[in-house]
Amino acid sequence: MKIVRWTVCLALSAAACALTSGTAAAETIKVGVIATFSGPNAIWGKQFREAIDVYVAQHGSEVAGHKVEFIYKDVGGPNADASKAAAQELLIRDGVKYLAGFDFTPNAVAVAPLIKQAKVPAVIFNAGTSSINKQSEYFIRTSFTLWQVSAPAGEWAAKNGAKKVVTAVTDYNPGVDAEAAFSSTFQKNGGEIVEKIRMPLNTTDFSPFMQRIKNSGADAVFAFLPAGPATFAFTKAYNENGLRAAGINFYGTGETDETTIDALGDQAIGLVTAYHYSGAHDSPLNKSFVAKLKELHPSSRANLASVGAYDGVELIYRMIKAAGGDGPKAVEAAKGMEWESPRGPIKIDPVSRHVVQNVYIRRVERGSDGYLINKEFATIPNVADLGYSQ
Amino acid sequence: MTDLVTPRVSTRRAIPLFGSLWPIAIVILAAFAAFFLFPYDLAFLTRIVIMMVFVLSFDLILGYAGIATLGHAAMYGCGAYAAGLFALHISPDPLVGLLIGATAGALIGWASGLVLLRTHGMTLLIISIAVTMVLQEAASKARWLTGGADGLPGISVSPILGFFEFDFVGQVAFIYSVCVLVAVLVLCHVLVSSPFGLALRGIKNSASRMRAIGTPVYRRKVTVYTIAGAIAGIAGALAAQVTGLVGLEVFNFSLSADVMVMLILGGAGRLYGALIGTLIFMTVHHVAASIDPFNWLFVIGFMLLVVVFALPDGLVSLPARLVRFLRRA
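Printed below as a string of structure tokens:
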């Protein structure tokens with residue numbers, strides 16, 4: 002029994018040391034990146050890692066005398082068990098001072114009790130459900146939420162000629178968020194939602210839905226689908242079933258993601274989406290970011306995951322500069338921080354700890370280098386996370 | 585004198601029942617050793633132990649009764665959601681939560697088993713996958729209850745037996761899971777060495793002969809499927825309590841497939857094959873993924889190929905094979 006107690010004490014005190022050792026000068030500060038690096042969703046981890054590479058290549062791996070080290074942990078997709086175990090290992094054994102990554106909502110929510118206890122900030126590079134940040138005050142997010150981009154899309158559509166819209170979303174939480182956000186602002190601005198269609202998650206044949214959209218008499222469709230095969234099939238059906246020919250406009254959000262858009266081909270040209278980042282954003286900072294990415298990873302294209310991770314690392318560097326490895330102080334310092342990102346000016350909202358950013362209305366065009374791009378043509382400035390108060 | 589004699593008699597009588605339980609002692613010793621040797625990896629070790637419980641339940645139906653399914657996650661998921669919802673809305677007691685998880689797993693096992701077990705082979709495989717997909721879709725739709733794709737968050741359980749609170753490092757969670765594993769092992773051991781266990785092996789080898797000697801084959805299969813469902817439900821409930829969140833991925837096809845891979849790797853039809861397979865699979869996975877988080881799948885694939893070609897009966901058959909090989913040499 003004595004041995005048991007002794008070992009327990011040892012393990013606990015070691016853990017406590019790892020967690021509480023403060024801002025001693027010139028130490029190595031470790032950042033644990035929890036994301037998906039294998040399996041069908043490995044694109045998230047790949048984009049995160051490449052963006053981190055770019056940031057480190059541009060800014061070095063030393064901040065205020067501290068060396069910053071990134072440790073990657075693969076969780077293989079949405080997997081709360083693996084995410085929590087990975088976070089525990091990073092916090093207890095590796096003694097990380099910051100957690101980062103988190104592509105899927107359950108993976109982020111699962112670590113909420115841990116970061117609360119360990120007082121370690123977790124920077125979310127993607128997971129976009131508004132309620133995550135309510136689970137712990139140590140969550141800070143540099144991506145977007147569906148409310149944040151869909152609500153401006155509804156307002157813009159209503160003010161730019163759309164009268165009757167049918168919403169067609171994938172039937173899971175992000176889809177429902179997108180539907181609710183778009184309809185609320187669209188109706189507030191005098192538009193009419195004629196039908197709300199929810200499509201099952203694993204749908205591959207969208208023709209029946211296209212028929213319903215046509216029959217509804219709407220002049221536009223607002224769609225939300227998870228990136229990948231579903232989006233591909235949906236836009237294909239949109240063209241082949243004559244919706245485009247019939248003059249029914251397409252409004253979306255992340256459907257024209259840079260990493261999948263070229264697979265869509267010419268049928269994507271002309272699709273209008275509202276989003277917070279386009280790889281073709283016209284600013285010197287974005288140009289240098291994209292150029293560096295191309296240099297380090299020639300086959301890669303910058304998308305929302307890249308910019309989420311790039312700004313996330315910027316935020317971590319800024320927090321280290323302000324507070325070293327002191328978690329609570331770092332979160333305090335992060336509140337209200339603002340800087341210029343490749344996506345435009347951004348700011349961390351002190352209440353929701355979510356990024357306040359411009360939302361751009363873009364149209365798909367063929368760029369000068371032959372690739373399809375999202376060309377921004379209208380801006381809705383400084384949008385906060387509208388879903389936080391929902 | 586009498587004091588000395590009495591215990592000797594009782595041990596002798598106990599031998600048939602407990603004599604073959606020594607591997608369970610090894611499991612307990614190994615758990616103790618792991619606890620002290622890897623104090624920083626308890627979260628991962630706990631995941632292994634929970635997965636062992638789950639794979640054991642699959643061993644009962646595939647290894648002993650010869651029922652091949654690819655939908656074992658159905659029972660695991662139901663156990664997880666039942667225990668999660670119970671902890672959130674009714675009572676945070678972990679042991680009652682396990683019981684609820686077991687009941688949910690058993691219920692779904694029984695209900696789906698009634699249909700499933702009337703079929704064989706490919707049909708059974710496909711229907712078992714379908715059952716899991718239906719449950720996943722239902723959980724995804726019932727957002728008001730399950731939280732949908734965001735998961736069911738905020739599950740917290742009270743201290744076990746009123747004393748042992750779940751701690752940050754994960755010591756209590758590990759010990760708790762090991763206790764559950766040992767209990768399940770003893771239960772499975774008793775089960776497979778009982779006449780019922782013999783009947784299952786008979787059904788695996790030749791269902792028609794068993795029918796000819798008067799065994800109600802269908803009823804036996806439904807019974808073992810229900811028991812396996814209860815154990816899978818316990819594994820799901822444990823996972824829900826330890827992680828504090830249940831996501832839709834508890835019903836993932838890949839989970840059902842992984843379970844089968846772990847069992848085949850270790851050796852089906854032997855309780856310890858399930859344990860060894862799980863341990864090796866998850867450890868190799870973990871180590872390979874820590875060394876190279878981007879290309880570790882290659883290592884797993886290579887290991888599976890080697891084992892399936894060189895040791896078709898799984899890793900538990902390795903010692904016997906080695907002995908035979910050395911004798912020949």
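One line per chain: the protein sequences are A and B, in this order. If you use the working numbering, the first sequence corresponds to residues 2 to 391, in order. If you use the working numbering, the second sequence corresponds to residues 585 to 913, in order. From the three backbone atoms N, C-alpha and C, an ideal C-beta is built for every residue, glycine too. If you're wondering where the values come from, they're calculated on a predicted model, not measured in any experiment.
Please decide whether residue i counts as near chain A, where near means a Cβ-Cβ distance under 8 Å.
i, result
"B:G831", "yes"
"B:F752", "yes"
"B:W880", "yes"
"B:D734", "yes"
"B:F747", "no"
"B:Y660", "no"
"B:Y856", "no"
"B:S724", "yes"
"B:F628", "yes"
Out of the options, which has the shortest C-alpha to C-alpha gap to residue i?
i, options, result
"A:V97", "A:P107, A:V124, A:F105, A:G77", "A:V124"
"A:A158", "A:I317, A:K215, A:Y252, A:A52", "A:Y252"
"A:L100", "A:T29, A:E366, A:K293, A:V34", "A:V34"
"A:K189", "A:A154, A:Y372, A:I362", "A:A154"
"B:T630", "B:T810, B:K805, B:G885, B:C763", "B:C763"
"B:V770", "B:R911, B:V637, B:I632, B:R905", "B:V637"
"B:L863", "B:M635, B:D625, B:L613", "B:M635"
"A:K47", "A:V384, A:A310, A:R354, A:P346", "A:A310"
"A:F225", "A:D267, A:R245, A:M200, A:G248", "A:M200"
"A:I347", "A:I141, A:D312, A:N161", "A:D312"
"A:P175", "A:A306, A:T143, A:T254, A:V64", "A:T254"
"B:I632", "B:H870, B:P877, B:L849, B:I875", "B:H870"
"B:P877", "A:E28, A:F38, A:T29", "A:F38"
"A:V112", "A:E377, A:A43, A:V360, A:K85", "A:K85"
Let me see if you follow: with CB-CB separation under 8 Å, is residue i close to chain B or not?
i, result
"A:R354", "no"
"A:P122", "no"
"A:R142", "no"
"A:Q149", "no"
"A:A181", "no"
"A:P79", "yes"
"A:Q48", "no"
"A:S131", "no"
"A:Y73", "yes"
"A:S39", "yes"
"A:Q391", "no"
"A:T168", "no"
"A:P230", "no"
"A:T106", "yes"
Looking at residue j and residue i, is the spacing between their C-beta atoms short of 8 Å?
i, j, result
"A:E193", "A:V167", "no"
"B:N836", "B:A657", "yes"
"A:W148", "A:Q358", "no"
"B:L709", "B:A652", "yes"
"A:L202", "A:Y173", "yes"
"B:V639", "B:M794", "no"
"B:V699", "B:I711", "yes"
"A:S279", "A:E377", "yes"
Run the CB neighbour count on residue i, radius 10 Å, all protein chains shown included, and call it buried at 16 or more, exposed below.
i, result
"B:A767", "exposed"
"B:P623", "buried"
"A:F71", "buried"
"A:V5", "The pLDDT assigned to A:V5 is 48, lower than 50, so where the model puts this residue is not dependable, and the model offers no usable value."
"B:N879", "exposed"
"A:D327", "buried"
"A:N1", "This structure cannot settle anything about residue 1 of chain A, because the visible part of chain A is limited to 2 through 391."
"A:Y372", "exposed"
"B:S792", "exposed"
"B:L910", "exposed"
"A:D283", "exposed"
"A:N287", "buried"
"A:N250", "buried"
"B:D625", "buried"
"B:I674", "exposed"
"B:G831", "buried"
"A:R302", "buried"
For residue i, list the residues DSSP reports as bridge partners.
i, result
"A:E341", "A:P346"
"A:K330", "A:K330 is not bridged to any residue."
"A:T29", "A:K68"
"A:V384", "A:Q358"
"A:E296", "DSSP, once it has assigned bridges, lists no residue as partnering A:E296."
"A:I141", "A:V124"
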